[in-house]
């Protein structure tokens with residue numbers, strides 16, 4: 001009996017993963033409007049009812065995709081904040097990790113930058129942003145405390161501003177017009193932003 005339950009559980013987990021994979025692919029290729037239960041079922045080669053049984057309705061599917069993106073993001077960012085070094089070095093490491101996440105997981109990054117209009121998904125993404133910005137704010141506060149960053153810097157406000165600025169720059173990669181930035185141009189832009197920001201943050 002135990003073997004049968006285990007096999008059933010594994011099959012169910014594999015089917016669920018395939019459904020979320022299909023939803024991710026549809027989201028990446030056509031945006032939130034392309035994520036329909038019928039489209040997911042066709043791509044995952046399952047019945048629509050199976051999508052309901054294994055994940056839920058459309059909102060639940062979008063939340064599942066967002067949850068996966070959240071975990072991917074945590075993997076990148078948590079390692080950066082946990083690394084040894086000065087506050088400025090940790091901030092630089094976090095910036096590099098965020099850029100790497102955007103480059104290596106572009107669809108997940110875009111999902112977090114422009115979450116689907118589903119209340120539960122929006123709340124989960126907002127909670128992650130709060131969580132990661134709090135870590136950035138803590139690093140900024142450490143820099144103020146050790147004198148390496150400007151004494152009048154507000155860590156919480158600055159963390160939000162840096163997050164928004166970085167999203168704006170990285171968002172140039174998915175523009176559809178001539179202002180779209182390719183990988184090499186994006187690297188130059190990020191470096192320019194870092195130079196400008198650090199000059200403003202460092203204690204004089």
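Numbering (full-length UniProt numbering), first residue to last: 1 to 204. Heads up, the beta-carbon is just placed ideally off N, CA and C, and yes, glycines get one too.
Residue i versus residue j - alpha carbon distance
| i | j | result |
| --- | --- | --- |
| residue 150 | residue 164 | 20 Å |
| residue 37 | residue 48 | 6 Å |
| residue 115 | residue 58 | 14 Å |
| residue 181 | residue 193 | 14 Å |
| residue 176 | residue 197 | 27 Å |
| residue 51 | residue 76 | 30 Å |
| residue 152 | residue 134 | 18 Å |
| residue 15 | residue 7 | 12 Å |
| residue 124 | residue 201 | 30 Å |
| residue 78 | residue 120 | 23 Å |
| residue 191 | residue 101 | 16 Å |
Three-way DSSP call (helix, strand, coil) for residue i in this model
| i | result |
| --- | --- |
| residue 158 | helix |
| residue 172 | helix |
| residue 202 | strand |
| residue 153 | coil |
| residue 84 | coil |
| residue 178 | coil |
| residue 35 | coil |
| residue 55 | coil |
| residue 46 | coil |
| residue 184 | helix |
| residue 29 | helix |
| residue 192 | helix |
Under 8 Å between C-beta atoms of residue i and residue j
| i | j | result |
| --- | --- | --- |
| residue 183 | residue 103 | yes |
| residue 66 | residue 111 | yes |
| residue 63 | residue 46 | no |
| residue 140 | residue 159 | yes |
| residue 55 | residue 170 | no |
| residue 167 | residue 128 | no |
| residue 147 | residue 203 | yes |
| residue 13 | residue 44 | no |
| residue 108 | residue 69 | yes |
Whole-Å CB distance - residue i paired with residue j, under 8 Å assumed
| i | j | result |
| --- | --- | --- |
| residue 91 | residue 27 | Actually they do not touch by this definition, with Cβ atoms about 31 Å apart. |
| residue 39 | residue 88 | In fact, because the Cβ distance is near 46 Å, the residues do not count as touching under 8 Å. |
| residue 186 | residue 173 | 6 Å |
Beta strand (DSSP E) runs wholly inside the segment 92-146, at least 3 long, in chain order: none
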